[in-house]
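One structure below.
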Amino acid sequence: MAPFVRRGAGLLRRVAPVAGALTAGGAAVYYVYRPRDIPGFGAPAVPPPIYGADGTFRLPRFPKVKSRDQQIAALEHSSGGEGDEYDMLVVGGGATGAGVALDAATRGLKVALVERDDFSSGTSSKSTKLVHGGVRYLEKAVWNLDYSQYQLVKEALKERKYFLQTAPHLSMWLPIMLPIDRWWKAPYYWAGTKCYDLLAGSEGIESSYFLTRTKALEAFPMLKRTDLVGALVYYDGAHNDSRMNVSIGMTAALYGATVVNHMEVTGLRRDADGRLCGATVRDLVAAKNGRGAPDIPVRARCVVNCTGPFTDSIRRMDDPGCKAIVAPASGVHVILPGYYSPAKMGLIDPSTSDGRVIFFLPWQGNTIAGTTDEPAAITPNPLPDERSVEWILNEISHYLSPDIKVRRGDVLAAWSGLRPLVKDPKAKNTESLVRSHLVDVSASGLLTCAGGKWTTYRQMAEECVDAAIAEFGLRPRPVADAPRISGTELVDDGAILDGTCKSHEVRLIGAHGFSRTLFINVIQHFGIETEVAKHLTESYGDRAWSVAALCRPTDKRFPARGERISQLYPFVDGEVRYAVRHEYAQTAVDVLARRTRLAFLNAQASLEALPKIIDIMAEELKWDRRRQDLEWRETVAFLESMGLPRPMLSATRKQVEQGKIDFASSLEYKMYSRHDGTADERVLSTTKKTVSVVECLARAVSSEVIGLRVGWLLWVVRDRMRSGQIGARYLQDCKPGLQDARRDGQRED
Numbered sequence: 001m002a003p004f005v006r007r008g009a010g011l012l013r014r015v016a017p018v019a020g021a022l023t024a025g026g027a028a029v030y031y032v033y034r035p036r037d038i039p040g041f042g043a044p045a046v047p048p049p050i051y052g053a054d055g056t057f058r059l060p061r062f063p064k065v066k067s068r069d070q071q072i073a074a075l076e077h078s079s080g081g082e083g084d085e086y087d088m089l090v091v092g093g094g095a096t097g098a099g100v101a102l103d104a105a106t107r108g109l110k111v112a113l114v115e116r117d118d119f120s121s122g123t124s125s126k127s128t129k130l131v132h133g134g135v136r137y138l139e140k141a142v143w144n145l146d147y148s149q150y151q152l153v154k155e156a157l158k159e160r161k162y163f164l165q166t167a168p169h170l171s172m173w174l175p176i177m178l179p180i181d182r183w184w185k186a187p188y189y190w191a192g193t194k195c196y197d198l199l200a201g202s203e204g205i206e207s208s209y210f211l212t213r214t215k216a217l218e219a220f221p222m223l224k225r226t227d228l229v230g231a232l233v234y235y236d237g238a239h240n241d242s243r244m245n246v247s248i249g250m251t252a253a254l255y256g257a258t259v260v261n262h263m264e265v266t267g268l269r270r271d272a273d274g275r276l277c278g279a280t281v282r283d284l285v286a287a288k289n290g291r292g293a294p295d296i297p298v299r300a301r302c303v304v305n306c307t308g309p310f311t312d313s314i315r316r317m318d319d320p321g322c323k324a325i326v327a328p329a330s331g332v333h334v335i336l337p338g339y340y341s342p343a344k345m346g347l348i349d350p351s352t353s354d355g356r357v358i359f360f361l362p363w364q365g366n367t368i369a370g371t372t373d374e375p376a377a378i379t380p381n382p383l384p385d386e387r388s389v390e391w392i393l394n395e396i397s398h399y400l401s402p403d404i405k406v407r408r409g410d411v412l413a414a415w416s417g418l419r420p421l422v423k424d425p426k427a428k429n430t431e432s433l434v435r436s437h438l439v440d441v442s443a444s445g446l447l448t449c450a451g452g453k454w455t456t457y458r459q460m461a462e463e464c465v466d467a468a469i470a471e472f473g474l475r476p477r478p479v480a481d482a483p484r485i486s487g488t489e490l491v492d493d494g495a496i497l498d499g500t501c502k503s504h505e506v507r508l509i510g511a512h513g514f515s516r517t518l519f520i521n522v523i524q525h526f527g528i529e530t531e532v533a534k535h536l537t538e539s540y541g542d543r544a545w546s547v548a549a550l551c552r553p554t555d556k557r558f559p560a561r562g563e564r565i566s567q568l569y570p571f572v573d574g575e576v577r578y579a580v581r582h583e584y585a586q587t588a589v590d591v592l593a594r595r596t597r598l599a600f601l602n603a604q605a606s607l608e609a610l611p612k613i614i615d616i617m618a619e620e621l622k623w624d625r626r627r628q629d630l631e632w633r634e635t636v637a638f639l640e641s642m643g644l645p646r647p648m649l650s651a652t653r654k655q656v657e658q659g660k661i662d663f664a665s666s667l668e669y670k671m672y673s674r675h676d677g678t679a680d681e682r683v684l685s686t687t688k689k690t691v692s693v694v695e696c697l698a699r700a701v702s703s704e705v706i707g708l709r710v711g712w713l714l715w716v717v718r719d720r721m722r723s724g725q726i727g728a729r730y731l732q733d734c735k736p737g738l739q740d741a742r743r744d745g746q747r748e749d
């Protein structure tokens, strides 16, 4: 027995290390691959809709923000007595500025925010729509042993989770595929995605995983089969950027911040010691309405510069001789039809022809492709250059099946956003700049918060407010009378506003009563289309109730409410009214680009929807004919920056309403149209008498072009007809066109 015991003990000693290693390895594998809860997908915070004793439905009673006129009056009041001044005056209404206002307001500080244009009118609405840690930054951190890049990734991964917790209706997790064309790349990319998972830790969700070639093609059918050996899939976040920005601003307003858009800073104010003590501002909306707009003095203990790419312009108001700290870079994106990508999976090309990274992502029913990264001049609405658009189309074509022709006409919208990169004197090009941020205080007291990216806006705001408190002796205090943003006493925000930073816990307007099934309740009560109801709940959260209530009846059995402003997209008339009444929309561009996202989804559809939007806003804001005409001109000019074809920039409202917008030549049609035209000779109805192709040819041949081949004639007529149809008004064009063709020589059909 004793020898047996000794042999058993020896065996246990040899097996124990192996068993321990296997146990530790198993625990590590479980930690990485364990199932995790998805932030924002839990049970709804607010109970189902409430019905009264008489069985009638009771709409939630949400608190309302002050009107824009009331906010302007508050700015004017700040120049009164000693206790009327603001603690902080924030200049800039992008993600950073709105984040600073919300952070300060929820710490009990008295804060005002002014924005020259509209909330998210610049960089904050022109992002890639990703909430990401930055896989490419992680790669640089490893290869360059750059700890600052590592810190940026780690910080962003932490902030990424807060998006889904504070605004689950506007944010979502998105799987992103990384195609592999060589077997030797698989271990490299696998190691990179696993490092990304490990860095995320508890802030992550699903772990990355490998797809075989067959599974990759099943998930992304348009992928090119040649050389594809498999794919890796990792998770990042996506969001609706400008609606997120507007929601941050409106939440700050509900917590007591004075928030005013279209309010320009015309100068900075100083006290007797030369320290900044406020600014003078001017209402640009009053000028648009033909009224005088005097400068308004605003007193504040601290002025915060959060103007993104325009940071240096405010700094020069403070110190004309200061050196620039921002190196702006242009990032062009294009929007393609939704069939270019799966509805719930994106794609990344980590090494394009020139070494950059390009994304290919589903968004709002369409597909985003981009981006470029080039040094740029600072302009309010930069134009997407054709070279960048063609580069993007060429790069994505390399990943798509050869039978899919990537056409210029498939570009529904295109825009260029200016990234406010913090300048690094050692960098040779903007692509090497880190999207980090800085908080700086000038000698006269101008606090500047610059750089960064959407994902880290909240962290930037927290550091900025911390710096303001330390530098200017501001005194945060508990918020005793916090509003019930949820609209019900059955649920509160969950954040204890004790004077410390709680912006990572404060849920944004619309988040409290949101659930993934809320759209069903909206359909059942208002009789709104399913697609529209889903859009409203995913754009406004529980405020979808208010938006739906503002939709006009349709006089149809179904849908009973909600007239679309574009038949191609689920945006409805109630959104325009809600934007004006509850979100400070003051121009048609505010609605088209930042409240709805139609301008970013389809520039031509935006032009077609413009008359309806102007009519609704004119009714809400009491615009006269002069203001309506001004809105038409300014909005059409803006749409050029969203990729509206140049031939349409001269369109009048009458032409758009009558459907008479067309391309002037076959070249323009081929470049901008999504289809090749009708394949047969059917006659389609037009506003005037139509004539068949055969009849047109007969008239042409019977005149003076006998001898030309029929193919010739078909080509010229189709060139004049554009889409295979011709009206009587075009007959006069046929004859000179055929004569030109005859002179130019033979050409095949």
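For the sequence shown, UniProt numbering begins at 1 and goes up steadily by one.
Ideal Cβ positions, reconstructed from N, Cα and C, are used throughout, including at glycine.
By the 16-neighbour rule on beta-carbons within 10 angstroms, Leu-198 is exposed.
Fewer than three Cβ pairs drawn from the region 352-369 and the region 308-326 lie within less than 8 Å of each other, which leaves the two stretches out of contact. At the C-beta level, Ser-78 and Asp-84 come within 8 Å of one another.
Put simply, the region 470-479 does not touch the region 504-514. Fewer than three CB pairs are less than 8 Å apart. Restricting attention to alpha helix (DSSP H) runs no shorter than 4 residues, the region 532-618 encloses them at 544-549, 573-582, 598-601, ordered along the chain. About 5 Å separates the beta carbon of Ile-180 from that of Gly-230, a gap short enough to meet the 8 Å contact definition.
Short of 6 Å from the beta carbon of Glu-463, and not among the five residues preceding or following it, lie these beta carbons of its own chain, in chain order: Val-439.
Annotation for Cys-277: the continuous beta strand (DSSP E) segment containing it runs 276-283. DSSP, reduced to helix, strand and coil, places Arg-387 within a helical segment of the structure shown. Three or more Cβ pairs closer than 8 Å define a contact, and the region 217-231 falls short of that threshold against the region 240-248.
DSSP, reduced to helix, strand and coil, places Val-114 within a strand of the structure shown.
Leu-446 is positioned such that its CB atom lies no closer than 8 Å to that of Ser-416.
Within 10 angstroms of the beta-carbon of Asp-312 lie 16 or more other beta-carbons, which makes it buried. Three or more beta-carbon pairs separated by less than 8 Å link the region 214-222 to the region 330-346, which places the two stretches in contact. The beta-carbon separation of Thr-266 and Arg-282, rounded to 5 Å, stays under the 8 Å limit for a contact. When only Cα atoms are considered, Lys-126 and Met-172 end up about 18 Å apart.
Collapsing the DSSP output to three states places Trp-632 in a helix. As the crow flies, the alpha-carbon of Glu-471 is around 45 Å from that of Thr-367.
Annotated as proximal: Gln-71 and Val-260, with beta-carbon spacing under 8 Å. One alpha carbon belongs to Gly-338, the other to Gly-452, and they sit about 30 Å apart.
Under the three-state reduction of DSSP, Cys-501 is assigned to coil, being neither helix nor strand. At a Cβ-Cβ threshold of 8 Å, Met-617 and Val-591 count as neighbours.
By the Cβ test, the region 641-648 is in contact with the region 375-395, since at least three Cβ pairs between them sit closer than 8 Å. Cα atoms of Val-589 and Arg-213: separation of roughly 45 Å, rounded to the nearest angstrom. When the beta-carbon positions are compared, Gly-278 and Ala-252 stay at least 8 Å from each other. Separation of Arg-116 and Gly-249 (C-alpha to C-alpha, rounded to the nearest whole angstrom) is 14 Å. For Tyr-457, the uninterrupted alpha helix (DSSP H) run begins and ends at 457-472, by DSSP.
As for any alpha helix (DSSP H) of minimum length 4 sitting wholly inside the region 156-233, the runs are 185-200, 213-219, ordered along the chain. In this structure, the CA atom of Ala-461 is about 43 Å from the CA atom of Trp-184. Tyr-137 sits in a helix when the DSSP states are folded into three classes. Taken in chain order, the complete alpha helix (DSSP H) segments of 4 or more residues contained in the region 302-327 are 311-318. DSSP places Gly-370 outside any alpha helix (DSSP H); the residue lies instead in the beta strand (DSSP E), whose first and last residues are 366-370.
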